[in-house]
Each structure stands twice: as structure tokens, then as C-alpha cells.
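Scroll down for the structure; my scribbles are underneath it.
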Amino acid sequence: MESPHRISIVGIGKLGLSMAGALASRGFQVTGVDVRRDVVEAVNRGECPLVETGLADLICENQSRIRATTSIAKGVEASDATFIVVATPLKADQRFSNAYLEEAVKSIGQALQNKTEPHLVAVVCTVMPGTTENIVKPLLEKHAGRKCGDRLMLAYNPEFIALGTVVRDFLNPDWVLVGEDSPAAGDCLEAFYRKACKNNPPIRRMNPTNAEIAKLAQNCFVTMKISFANSLAAICEHVPNADARVVLDAISNDSRVGGKAIRPGLGFGGPCFPRDNVAFQSFATEFGMEAPLASAVQQINSTIPAHIMKRVRAHIQPPSTIAILGAAYKPNTDIVEESHAVILAQRLASAGFRVRISDRLARTRLESEAGELFDVVSGEAD
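FYI, our numbering numbers position 306 of the sequence shown as 1141, with every residue one higher than the one before it.
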């Protein structure tokens, strides 16, 4: 099966817009869809309305292959495949909300009523296992007026990217996960990624439920490595002549361990890892099971700011001034959500320390978090 050439992306936030820029750079015609008119207008001017490494250049250089609209119907009409990249925030019951996803699926289905050509719909956003088969598929078929298999293909196709390196990660993935509702959908996506990716990644095809579990499981496994490294570091601090960095560097040479995400530091944060870990625990509970390892990972991660506070207070006391360089939850992004640097700054300030924090990319977002607690400065020299 040939790869779809005309692509629509519903939801052009950091991931969706990065996908659009990356695909345009590979020769695809891309239509981005978003409810935010200012984002749509910026993209149509050839501008990048968000912070993401390399994305502004891609949008500027490939302006002829990228357009944006607020209309899902127009996006579907102008494409052969639609990728849904809307937010699925965590609800009070610790499960992902499908509200935005369901609205998008309804609109896509309605738009497909007017199309006679085959069309692929791929869900990219993180969802609870079972969502594609039990919620998305019947909703899509109802509003499209036809069944999957009748000129309609469906798949769950999450991306494994990191904010700050989204473009690079999308074009050069370690692997591609395809949760296919049918062999035709899987064939279509496999052909698509063979054309879109710069490397030749392994493509793992399975049913949507297995793919939904795999997405959560991989993120939980990565957070386990992060918490293990920090747990070992906390122990080594109390052992004479011990250095966790040396130990972790040594064991990372074993292929069963690996060298990624296994170094001590601040805990994991951001918009994905913390919530995915919680959602995985909720998923286990739904089936009468527990996920004690995921719970332990979360508990270890939550203790990191307090542990650092204790170390600080062993050397200095309020109202001493403390500088924190870097506020985002990781380098090369402006996202401060669940950032341990910000959590630490808030706790230090509440304890009476004078806190000055600097992050060039995250300054605007940081100022809204700071309030009266701590000072946001423009550069390291300040």
C-alpha cells in the first residue's frame, strides 16, 4: 500500500505542530487544525507560535507545504490521513479524559461522510487501554456513516518523543508503534513511516489495546530507571567514598540496563511521565490488580525536592539567597509543569530563603508560577 501524501493533524501544540513541520520537510502536504485562531494565523504567516528546537526554521522553510485552519472538515477534505493529537488530561479519578478526543472524532466522522476516497484516522494522544476499540471506533463509524474497512481505516499510533527534541525524535525514532484495527491500516502507516523517517526504525504492529498498554508501559519503565538512579544516589550520599554517578555509569554498560535515563538528578516532571505513571496504576486497579512498582516509582520521585531541601539546610539557613539555574522540567523547553526545579524554588521560598531563578526559554511561563514567592531573573549573571 502506498503512503498517504496529504496529511491533516488535529491539534497543533508542541507535538502536533512539530509533526507538521517535520512531515513538510519530508515532502508531505500538511494541514494543521486547531481551535486557537492565533496559532492558526501564526502558522499561515510562516511563523512558529511555540518554543521547540528547530521547529521555527522548518515552518519557515516549508511554508508552501504547511497550512492551518480552525475547521476539522477542511483538514479532512484536504488530506488522505488524519492524525489526532489533542490533549487527554488526567481526571480526578486518575484516568485520561477523552472529552477533546471524542469531539475531534465526531467532527472527523462527519467530515468523512462527504468523502468517497479511502481515509486513515490515527489516534496519537495517550489514552487508557481499550479506548480505540471501545470508544473511538464506534464513535467514528457512527458519525462517518460507514464501518472501518469500508474506505475507512483506524489505528492507535502514539509517538515516543521528548519535548525539546520533538522534531529530531519524530524523524529518527528508536521504534514505531502501530496499533492497527486492520492489516490495511497497519500497511498504510508502515508505508507512511518508511517515507517519513530519516532512519529505518523497527515498526511493531499489534492490536490497538496492546499498543495502548505498550505506550503506558514504556513511559513507566523509563520513570522506573530515573527513580532507581535517584534512590541509589540517596544511599551513596551516606556511604564513605561512594559516588552514584560512577556506579551508574559502570552498570549502564550492561545491555540489559542501558545508559539512558539512569543518572541521578532532579526527579521526572513535565506533562507526560507523572500522569502516565498514575494512569497506569489506575488501569491496573480497573482490572482488580495493583501496580506496586509504579507506586514506588512515584513515591521516590515525590521525595526528591524534600531531600534536596534537607541537603541545602545542612549548609545554609534562611534568609540566605539561593540561585537556581534552569526552571523547566528538562533542557531546551519552556514547560515548567511538574518541574522539580520550580517545586524546590517554591519550598525554599516558603521556608524563608531568598530564591532567584533563571531560565531563558521558560521565563514567561515561570513568571506566572512565581507570584510573590521568588524572583525570576533574566540571566545567569544576575
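For each residue, glycine too, the CB sits at the ideal point set by N, CA and C. It should be emphasised that the depicted structure is a prediction, and the values quoted were computed from it without experimental measurement.
When the options are compared against residue i, the one with the closest alpha-carbon
i: Leu1024; options: Pro973, Met963 and Val959; result: Val959
i: Lys1050; options: Thr966, Cys1071 and Leu885; result: Thr966
i: Pro826; options: Met1144, Ala1163, Lys941 and Asn1076; result: The structure shown has nothing for residue 826, since the chain only spans 836 to 1217.
i: Pro1008; options: Val875, Pro1036 and Gly1014; result: Pro1036
i: Val1177; options: Val870, Ile1192 and Ala877; result: Ile1192
i: Pro1018; options: Arg1003, Pro884, Cys1055 and Pro1043; result: Pro1043
i: Lys950; options: Ser914, Ala934, Glu968 and Ala957; result: Ser914
i: His978; options: Arg1198, Ile996 and Leu947; result: Leu947
i: Phe1188; options: Ser1137, Ala877, Val1147 and Arg1200; result: Val1147
i: Thr904; options: Arg871, Pro924 and Ala916; result: Arg871
i: Gln1152; options: Ser1137, Ser1185, Gln1134 and Cys883; result: Ser1185
i: Cys1032; options: Ala1026, Leu1006 and Ala1020; result: Leu1006
i: Gly1104; options: Glu1173, Gly910 and Thr1168; result: Glu1173
i: Ala810; options: Ala1126, Arg1039 and Ile1139; result: The structure shown does not extend to residue 810, since the chain is modelled only from 836 to 1217, so the question has no answer here.
i: His1175; options: Gly1100, Arg1110 and Arg902; result: Gly1100
i: Leu1196; options: Ala1119, Thr1168 and Glu1121; result: Thr1168
i: Asp1004; options: Leu1208, Leu858, Leu1128 and Ile1157; result: Leu858
i: Asp1111; options: Ile1097, Ser1130 and Phe1122; result: Ser1130
i: Lys909; options: Pro924, Glu896 and Gln945; result: Gln945
i: Ser860; options: Val1212, Val868, Ile901 and Cys883; result: Ile901
i: Arg1091; options: Pro1166, Phe1056, Tyr1028 and Gln1181; result: Phe1056
i: Ala1180; options: Ile1170, Pro1166 and Ala1141; result: Ala1141
i: Glu939; options: Asn1065, Val971, Pro964 and Thr866; result: According to the sequence provided, residue 939 is Ala. The question's Glu does not apply to it. Of Asn1065, Val971, Pro964 and Thr866, the residue nearest in Cα terms is Val971.
i: Ile1048; options: Ala934, Phe1115, Arg1039 and Thr1058; result: Phe1115
i: Asn992; options: Ala1046, Phe1027 and Ser1203; result: Ala1046
i: Gly1198; options: Leu1183, Val1171, Leu1208 and Arg1182; result: Note on identity: in this sequence residue 1198 is Arg, with Gly being the wrong assignment. Nearest of Leu1183, Val1171, Leu1208 and Arg1182 to Arg1198, Cα basis: Val1171.
i: Val1211; options: Arg1182, Leu1183 and Ala1158; result: Ala1158
Residues that DSSP places opposite residue i in a beta bridge
i: Ile1192; result: Ile1159 and Val1211
i: Ile842; result: Val865 and Ala916
i: Ile901; result: Val865
i: Met988; result: Leu955
i: Leu925; result: Phe931
Residue i: first and last residue of the uninterrupted beta strand (DSSP E) it sits in
i: Phe918; result: Ala916 to Ile919
i: Gln864; result: Gln864 to Val868
i: Arg1040; result: Ile1038 to Met1041
i: Glu1172; result: Counting along the chain, Glu1172 falls outside any beta strand (DSSP E), and DSSP gives it neither H nor E.
i: Val1013; result: Val1011 to Glu1015
Start and end residues, alpha helix (DSSP H) containing residue i
i: Val827; result: What the structure shows of the chain is the stretch from 836 to 1217, and residue 827 is not part of that stretch, so it cannot be assessed.
i: Tyr1028; result: Pro1018 to Ala1031
i: Gly814; result: Absent from the model: residue 814. The displayed extent of the chain is 836 to 1217, so no value can be given.
i: Ile894; result: Leu890 to Glu896
i: Thr1120; result: Phe1108 to Glu1121
i: His978; result: Lys972 to Ala979
i: Phe1005; result: Val1001 to Leu1006
i: Val1079; result: It should be pointed out that residue 1079 corresponds to Ala in this sequence rather than to Val. Looking at the DSSP string, the run of the alpha helix (DSSP H) that includes Ala1079 is Ala1079 to Ile1086.
i: Ala1131; result: Pro1127 to Ser1137
i: Arg872; result: Arg872 to Asn879
Residue i, buried or exposed, once every other Cβ within 10 Å from all chains shown has been counted against 16
i: Ala1216; result: Confidence at Ala1216 is low in this model, with a pLDDT of 46, below 50, so its placement is unreliable and the value that follows should be read with caution. When all chains shown are included, Ala1216 counts as exposed.
i: His954; result: buried
i: Asn1076; result: exposed
i: Met1124; result: exposed
i: Asp1078; result: exposed
i: Gln1134; result: exposed
i: Lys1060; result: buried
i: Ser853; result: buried
i: Glu976; result: buried
i: Thr815; result: Outside the shown range of the chain, which is 836 to 1217, sits residue 815, and nothing can be said about it.
i: Leu1160; result: exposed
i: Ile844; result: buried
i: Val1074; result: exposed
i: Glu882; result: exposed
i: Pro839; result: buried
i: Ala1064; result: buried
i: Asn1088; result: exposed
i: Asn1054; result: buried
i: Phe1027; result: buried
i: Lys806; result: Given a span of 836 to 1217 for the chain in the structure shown, any question on residue 806 remains unanswerable.
i: Arg1039; result: exposed
Supposed contact pair residue j and residue i - C-beta distance, whole angstroms, cut 8 Å
i: Lys862; j: Ile894; result: For the record, residue 862 in the displayed sequence is Gly; it is not Lys. No, Gly862 and Ile894 are not in contact; Cβ-Cβ is about 15 Å, not under 8 Å.
i: Leu989; j: Asp1016; result: 4 Å
i: Ile847; j: Val886; result: Incorrect: roughly 14 Å between the Cβ atoms, too far for contact.
i: Gln929; j: Val1113; result: 5 Å
i: Ile996; j: Ser942; result: Between Ser942 and Ile996 the Cβ distance is about 25 Å, and since that is not below 8 Å, they are no contact.
i: Val1002; j: Leu890; result: 6 Å
i: Lys1145; j: Gly999; result: Wrong, their Cβ atoms sit about 30 Å apart, outside the cutoff.
i: Pro964; j: Phe1118; result: 6 Å
i: Gln864; j: Arg841; result: 5 Å
Proximity test, Cβ basis, 8 Å: residue i and chain C
i: Met1041; result: This model lacks chain C altogether, as it is built from one protein chain only.
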